[in-house]
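Peer 1:
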Amino acid sequence: MVWDPTTGDHRIFPQPPYLDFYCTGAVLCATRGCRHVDCHGGPYLLVFVATGEDDHSWACVYSSETGEWSSQASIAFDSYVEMLPGLLVQDTLYFRCERGKRILRYDIGKHELSEIDPPPLGHEVGILMESGYGGLGFATVEDCSILLWSRYVGDDGIEEWKKSWVIGLDFLNLVGNPSLSWELAGFAKGAHTIFISSEIGVFTIELKSGQVKKLCKEGYYTVVPYMSFYTSGQRNQLKTEILLRIPPDEPASLVRASLVCKPWRRIITDPAFLRRYRAFHRTPPMLGFLHNVDGDKAISSAPRFVPTTTTASSPFSPPAIGSPHWWWALDCRHGRVLINLFNPMELMVWDPITGDQHRFPVPPHPHAYCTGAVLCAARDCRHLDCHQGPFLVVFVGSGEHGYHYSWACLYSSETGEWSSKASIVFDSYVEMSPSLLVEDMLFFICENDIGSHELWEIEPPLWDDYQGGTLMTAEDGGLGFATMETRGLVLWSWYVDDDDGIADWEQLRVIKLEMLIPVDNPSVSLDLVGFIEGTQTIFVSSDVGVFAIELKSGQVKKILLGGGCRTQLEYRLYSDPSRPFRYASDRQSKMNKQTSFENSI
1 MVWDPTTGDH
11 RIFPQPPYLD
21 FYCTGAVLCA
31 TRGCRHVDCH
41 GGPYLLVFVA
51 TGEDDHSWAC
61 VYSSETGEWS
71 SQASIAFDSY
81 VEMLPGLLVQ
91 DTLYFRCERG
101 KRILRYDIGK
111 HELSEIDPPP
121 LGHEVGILME
131 SGYGGLGFAT
141 VEDCSILLWS
151 RYVGDDGIEE
161 WKKSWVIGLD
171 FLNLVGNPSL
181 SWELAGFAKG
191 AHTIFISSEI
201 GVFTIELKSG
211 QVKKLCKEGY
221 YTVVPYMSFY
231 TSGQRNQLKT
241 EILLRIPPDE
251 PASLVRASLV
261 CKPWRRIITD
271 PAFLRRYRAF
281 HRTPPMLGFL
291 HNVDGDKAIS
301 SAPRFVPTTT
311 TASSPFSPPA
321 IGSPHWWWAL
331 DCRHGRVLIN
341 LFNPMELMVW
351 DPITGDQHRF
361 PVPPHPHAYC
371 TGAVLCAARD
381 CRHLDCHQGP
391 FLVVFVGSGE
401 HGYHYSWACL
411 YSSETGEWSS
421 KASIVFDSYV
431 EMSPSLLVED
441 MLFFICENDI
451 GSHELWEIEP
461 PLWDDYQGGT
471 LMTAEDGGLG
481 FATMETRGLV
491 LWSWYVDDDD
501 GIADWEQLRV
511 IKLEMLIPVD
521 NPSVSLDLVG
531 FIEGTQTIFV
541 SSDVGVFAIE
551 LKSGQVKKIL
561 LGGGCRTQLE
571 YRLYSDPSRP
581 FRYASDRQSK
591 MNKQTSFENS
601 I
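In the UniProt record's numbering, the protein residues as written are 1 to 601.
1) How many Å lie between S71 and L259 at the Cα?
2) Would you say the segment 89-98 touches the segment 131-141, given that touching needs at least three Cβ pairs under 8 Å?
3) Would L84 pass as an interface residue toward chain C - the criterion being a Cβ-Cβ separation below 8 Å?
4) Grouping DSSP H, G and I as helix and E and B as strand, with all else coil, what is S553?
5) Leaving out five residues on either side along the sequence, give the residues of the same chain with a beta carbon under 7 Å from the beta carbon of W3.
6) DSSP puts V202 in a beta bridge; with which residues?
7) Does the ligand SAH have a heavy atom nearer than 7 Å to the CB of T473?
8) So, using beta-carbon positions, are L113 and I75 closer together than 8 Å?
9) Hey, out of M484, Y495, C370, whose CA is closest to I538's CA?
10) Quick one: residues in its chain with C-beta nearer than 7 Å to the C-beta of E160, no 5 flanking neighbours on either side, listed in chain order?
11) Within the chosen definition, does the segment 358-374 reach the segment 404-421 through at least 3 CB pairs nearer than 8 Å?
12) Are H367 and K421 closer than 8 Å when you measure CB to CB?
13) If you scan the segment 88-171 from start to end, which runs of the alpha helix (DSSP H) of 4 or more residues do you find wholly inside it?
14) Can you tell me the Cα-Cα spacing of I12 and G67, whole angstroms?
15) When DSSP labels each residue in this structure, what does W80 get in the three-state scheme?
16) On the criterion of 16 or more Cβ atoms from any shown chain inside 10 Å, does D476 qualify as buried, or is it exposed?
17) Following the continuous beta strand (DSSP E) through A279, name the residue where it begins and the one where it ends.
18) What's the C-alpha gap between G168 and V81?
19) Going straight from the alpha carbon of A59 to that of S198, what length do you get?
20) Counting C-beta neighbours from all protein chains within 10 Å, is the total for S279 16 or more, i.e. buried, or is it exposed?
21) Could you give the DSSP three-state label for R509: helix, strand or coil?
22) How long is the line joining the alpha carbons of E480 and V49, rounded to whole angstroms?
23) What is the rounded straight-line gap between the Cα of D249 and the Cα of T283?
24) Mark G397 as exposed unless 16 or more other C-beta atoms lie within 10 angstroms of its C-beta, in which case mark it buried.
25) Assuming G126 and L84 form a contact by the criterion Cβ under 8 Å, report the distance between their Cβ atoms to the nearest whole angstrom.
26) Per DSSP, which one or two residues make a beta bridge with L436?
27) So who's on the other strand from A329, going by DSSP bridges?
28) Judging by CA-CA distance, which residue of V540, A252, G8, M1 is the nearest neighbour of P14?
29) Going by DSSP, what residues sit across from H367 in a beta bridge?
30) Determine the closest residue to K552 out of G530, R509, V529, with distance taken between C-alpha atoms.
31) Provide the residue span of the beta strand (DSSP E) that contains L45, from first to last.
32) On a CA-only basis, which of I267, M432, E457, F443 is nearest V425? Give me that one, please.
33) Could you tell me which of D504, D500, G190, T473 sits nearest to P461, measuring between CA atoms?
34) In the DSSP assignment, what residue or residues form a beta bridge with R11?
35) Buried or exposed: W326, going by 16 or more other Cβ atoms within 10 Å of its Cβ?
36) Along the beta strand (DSSP E) that carries V61, what are the first and last residues, could you check?
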């Protein structure tokens, strides 16, 4: 198969009828006078070389124009070709044989095969490459150095190898461990770049500048570089692919890109592009978080929404709640925030992006403690842009009868009514803290099954040094729990034994926080205050600030100065670059209407 990664085109055709065990090939443009900077869609040739069992090798040429293989060109050859890329020098292809011990040469114009010897080799393997003057070259390894060879033709017409350059790998600081094994893995013609592979990754060496770059952590036996220019007909597609890869962590980046020029704005504000953008990045980015505070701080003018982007100020205006400004954020999910209002006692679902508010009374059931959750109610929704759609609110309360009674009700924005309550005998009380959604289950330490409208109790993990815990998503996507133990973060997972069906907590790992969080005073207390569903990020609060810890990478970021946070709820959503233009259009429309009204007066 011949495949064009830039256009996606591919063509499958049969192999030559006389196929042997050892084989390799080369593909090249067949257009006469082509400079090979934009060969997409043109004719091509495929040179296929193989070694038979009777000590001979042969070559055939396939033409995309005729769709046929040529006759064989053969040679007696007591070695075998390797399944490695060939090297093209003018009208001649060279193929490495038997781990670099022999070289097979194919003259495209004459359709002839011949054999040449490589430079003198030690026990290491060499690779074909282009010499400094554009002719045939070879690279070998000797005593932690790369030796570069060039093929010259003397005045007497005899070809011979000459050593042209030596590169010391220890000088380039490629590998800290001198005992580490590595080998030459490939060469990029035209870029004068060699690929070397080791147990710790693949590196490139630019021969002209001596610059070294690590490409990946995994080692590879062979590297086949892909080099190509894009064509003018593909510019719009490539622009879309480039814009698609703008990181979503900074919403302003996409908006700024839409202001560069009209073509970019048309691409970025296209609903089809936005759908692809959200599907490509999958998990919505965190734009900031809402935090709850106690006492007088709850009615102060301190900002309750803290942006985590580089934007200087919060992108959202606080909800117009009225006086007194005492409210508590219960949950944040699918682009909405659930807020518990006091005096009068109400619930409010607030959309920070659109500013929409939906207020409704709490369920008419007595409770001393309560919490809640908000979630999108649209069927088959991927929850990347749920604005204006229906939603559900789950409200859970603990009764006043000795705290041995808890209940749950479900509110639907479509009906505007509360469901009947589901209750459970429960010798504890729910906390006014965020919930955790796992598939169709909401967890508040006590558990609520949304589908069956039932409550039941799950015991948290047992740990000796109690310093608080929080619900989280386990690494396998199920229910998890995080606890604090002597400045260490302990992660747990809820699992069901396949043999006896018994469910229990399993300790996964322990993260030592003193190595991550820069707290100079060891007596400073650390508290778990939140977790981000879908991103494996946990929040830890201390007297010196609030920190976000990415559990997979171990990366720590300070997101708030000072402590005092009880709970915090992250706000995650994809931004829509068309909104600033749409809102501006709406404002201009309103101004025009107002002007027309004033003129009529």
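Cβ coordinates follow ideal geometry from the N, Cα and C atoms, glycine included.
Owing to the predicted nature of the structure, the values given are computational and were not obtained by experimental measurement.
Peer 2: Once the coordinates are examined:
1) For the purposes of this step, residue 71 is identified with residue 71 of the sequence shown, where counting begins at 1. For the purposes of this step, residue 259 is identified with residue 259 of the sequence shown, where counting begins at 1. About 59 Å.
2) yes
3) Checking the listed chains, one finds no chain C in this structure; it contains a single protein chain.
4) Within the sequence shown, residue 553 is the residue found at index 553, counting from 1. It is coil, neither helix nor strand.
5) Residue 3 sits at position 3 when you count from the first residue of the sequence shown. If we look at W3 and ignore the five residues flanking it on each side, its Cβ neighbours are H10.
6) By one-based count along the sequence shown, residue 202 stands at place 202. DSSP lists S197, C216 as partners of V202.
7) By its list of ligands, the structure shown contains no ligand whatsoever, and the ligand SAH lies outside what it can speak to.
8) Within the sequence shown, the letter at position 113 stands for residue 113. Within the sequence shown, the letter at position 75 stands for residue 75. Contact: yes.
9) As a position in the sequence shown, residue 538 is number 538, starting the count at 1. Ranking M484, Y495, C370 by Cα distance to I538 puts M484 first.
10) Against the sequence shown, residue 160 aligns to sequence position 160. These residues qualify, in order along the chain: Y152, G154.
11) Yes, the segment 358-374 is in contact with the segment 404-421.
12) Stepping through the sequence shown from its first residue, residue 367 is reached at position 367. Stepping through the sequence shown from its first residue, residue 421 is reached at position 421. No, Cβ-Cβ distance for H367 and K421 is not below 8 Å.
13) Those alpha helix (DSSP H) runs which fall completely within the segment 88-171 and span 4+ residues do not exist here.
14) As a working mapping, residue 12 is identified with position 12 in the sequence shown. As a working mapping, residue 67 is identified with position 67 in the sequence shown. Distance between the alpha carbons of I12 and G67 is about 11 Å.
15) Mapped onto the sequence shown, residue 80 falls at position 80. Before going on, a small fix: residue 80 reads as Tyr here, not Trp. Of the three classes helix, strand and coil, the one that applies to Y80 here is coil, per DSSP.
16) Here residue 476 refers to the residue found at position 476 when the sequence shown is read from its first residue. Answer is exposed; the Cβ neighbour count stays below 16.
17) Position 279 of the sequence shown, counted from the first residue, corresponds to residue 279. From DSSP, A279 is part of no beta strand (DSSP E) but of the alpha helix (DSSP H) over 271-281.
18) On the sequence shown, position 168 is the one that residue 168 refers to. On the sequence shown, position 81 is the one that residue 81 refers to. Roughly 30 Å between the two C-alpha positions.
19) Translated into positions along the sequence shown, residue 59 becomes position 59. Translated into positions along the sequence shown, residue 198 becomes position 198. The alpha-carbon atoms of A59 and S198 are separated by roughly 33 Å.
20) Locating residue 279 in the sequence shown gives position 279, where the first residue counts as 1. For clarity, residue 279 is Ala in the given sequence; the question names Ser instead. Classification of A279: exposed, given that the 10 Å Cβ count is below 16.
21) Position 509 of the sequence shown, counting from 1, holds the residue named residue 509. The answer is strand: DSSP assigns R509 an E or B state.
22) Numbered from 1 along the sequence shown, position 480 holds the residue referred to as residue 480. Numbered from 1 along the sequence shown, position 49 holds the residue referred to as residue 49. Reading the sequence as shown, one finds Gly at residue 480 and not Glu. The alpha-carbon atoms of G480 and V49 are separated by roughly 57 Å.
23) In the sequence shown, the residue the question calls residue 249 occupies position 249. In the sequence shown, the residue the question calls residue 283 occupies position 283. Cα-Cα distance, rounded: 11 Å.
24) As a position in the sequence shown, residue 397 is number 397, starting the count at 1. A residue is called buried once 16 or more other Cβ atoms fall within 10 Å of its Cβ, and G397 is buried on that count.
25) Your numbering for residue 126 matches position 126 in the sequence shown. Your numbering for residue 84 matches position 84 in the sequence shown. The pair is not a contact, with the Cβ atoms about 11 Å apart (cut-off 8 Å).
26) Counting from one through the sequence shown, the residue named residue 436 turns up at place 436. The partner list for L436 (beta bridge, DSSP) reads F443.
27) Numbered from 1 along the sequence shown, position 329 holds the residue referred to as residue 329. In the DSSP output, where bridge partners are listed per residue, A329 has I339.
28) On the sequence shown, position 14 is the one that residue 14 refers to. Nearest option by C-alpha distance: M1.
29) For the purposes of this step, residue 367 is taken as the residue at position 367 of the sequence shown. Answer by DSSP bridge pairing: none, since H367 is not bridged.
30) Numbered from 1 along the sequence shown, position 552 holds the residue referred to as residue 552. K552 has its Cα closest to that of R509, out of G530, R509, V529.
31) Here residue 45 is taken as the residue at index 45 of the sequence shown, counted from 1. Under the DSSP assignment, L45 falls in the beta strand (DSSP E) whose first and last residues are 44-51.
32) Residue 425 sits at position 425 when you count from the first residue of the sequence shown. For V425, the nearest C-alpha among the options comes from E457.
33) Along the sequence shown, one-based indexing puts residue 461 at 461. It is D504.
34) For the purposes of this step, residue 11 is identified with residue 11 of the sequence shown, where counting begins at 1. Answer by DSSP bridge pairing, in chain order: V2.
35) By one-based count along the sequence shown, residue 326 stands at place 326. Burial is judged here by how many other beta carbons sit within 10 angstroms of a residue's own beta carbon; W326 has fewer than 16 and is exposed.
36) Counting from one through the sequence shown, the residue named residue 61 turns up at place 61. Its beta strand (DSSP E) spans residues 56-63.
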